[in-house]
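>
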Amino acid sequence: MPFSESPNEKVKMKTRSHLYCVALLLSVTPSVLLAQDGDYHSYISDSFSASLGAMRSSNSFNFESDALGDPGDDIDFDDSLNVSDHSTFFNGQIKWKFGKEKKWALAAQYFSNNAKGDAILTEPIEWDGYTFEEGTFVGAGVKLAVTRLFVGRNFIKTEQTEFGIGAGLHNLDISAYIEGEAVLDGEPQGVKRYPVGDNQPLPNIGGWYNYSPAKRWLIHARLDWISANIGDYDGSLWNASIGVAYQPWRHVGFDLYWQYFGVDLKVDKDDWKGGADMSYSGPVLGMTFSW
């Protein structure tokens, strides 16, 4: 009579098969979970990234200009001349990581703002050697364009974190004007525009920190700073940001961060003896790209 398995043996074989499947699943699951945990925001690992955004800024403008170089009072272009202290403007950044393990980075940033206003003066003001009397109707404007170039190295770089420091340049294109009928030595000069300004690159040092808590999320911060006497300029500059980025797609995402830019300069040039104390701060909402 041929040999046949008993019902109990069949049950035991099925049980053993189920146990083998469970054991195999348990052995594979941890490695899958670890692979998922190892996936972080692609900004950390990608070579190129860009951010194109709009900044809603709260501004402060204080300028001084005296043709003779004598110290004078700063003019608050918002309070005295009604130049808008709020504005919305483009703020763009790009970054390229290169070298072994992508530890080196070259970055650039650009933003500009052109604010204008007009007012009837409630008190006399002195500007570039001229006097604008109380009751005079004047127009005024302030323009700033900032181009930032920066190169640095990551000293801490993992799949999840970056920390680096470096040095760079901020090219500042600053100008301001007051337009109206001024008085010089008691003589009216007619309605004219009286501009001052200059274009000057300033070196700076800085650092950055990026942390990705999950695959689609990135927390980022950056700081640039200088305080020095360079040629015809004496003063300080701050450029800082902190924010969070979310990337729902592989190459495209969104970024929300707080940007602060401040510059306080004294200028001693033939065509501008005075200074500028300017600040811009506010949120930036943008789209991000990385590849």
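Residues 19 to 309 (my numbering) make up the sequence shown, in order. Heads up, the beta-carbon is just placed ideally off N, CA and C, and yes, glycines get one too.
Short check: CB of A158 to CB of I196, under 8 Å?
Yes, Cβ-Cβ distance for A158 and I196 is below 8 Å.
> Please list, in chain order, all residues of the same chain as G327 whose beta carbon is under 7 Å from its beta carbon, the five residues on each side excluded.
Outside the shown range of the chain, which is 19 to 309, sits residue 327, and nothing can be said about it.
> Suppose contacts are defined by Cβ-Cβ distances below 8 Å. Is W276 in contact with S254 by that definition?
Not closer than 8 Å, so no.
> Check whether the region 169-183 and the region 65-73 touch, using three or more Cβ-Cβ pairs below 8 Å as the test.
No, they do not touch.
> Please name the residue in F81, K175, G110 and I138 whose C-alpha comes closest to that of G117.
For the residues F81, K175, G110 and I138, the minimum Cα distance to G117 belongs to K175.
> Beta-carbon separation of W235 and V270 under 8 Å?
Going by C-beta atoms, W235 is not nearer than 8 Å to V270.
> D216 to D96, Cα distance in whole Å?
Going by the C-alpha atoms only, they are around 21 Å apart.
> Going by Cα to Cα distance, which pick from F173, L303 and K287 is closest to D84?
Ranking F173, L303 and K287 by Cα distance to D84 puts K287 first.
> Using 8 Å as the threshold, is the C-beta distance between T165 and E152 below it?
Their beta carbons are not under 8 Å apart, which means T165 does not touch E152 by this criterion.
> For K121, which three-state DSSP category applies?
K121 falls in the coil class under three-state DSSP.
> Can you round the beta-carbon distance between S78 and F107 to whole angstroms, since I take them to be within the 8 Å contact cut?
The pair is not a contact, with the Cβ atoms about 15 Å apart (cut-off 8 Å).
> Per DSSP, which residues does P301 bridge with? Please list them.
P301 is bridged to W276.
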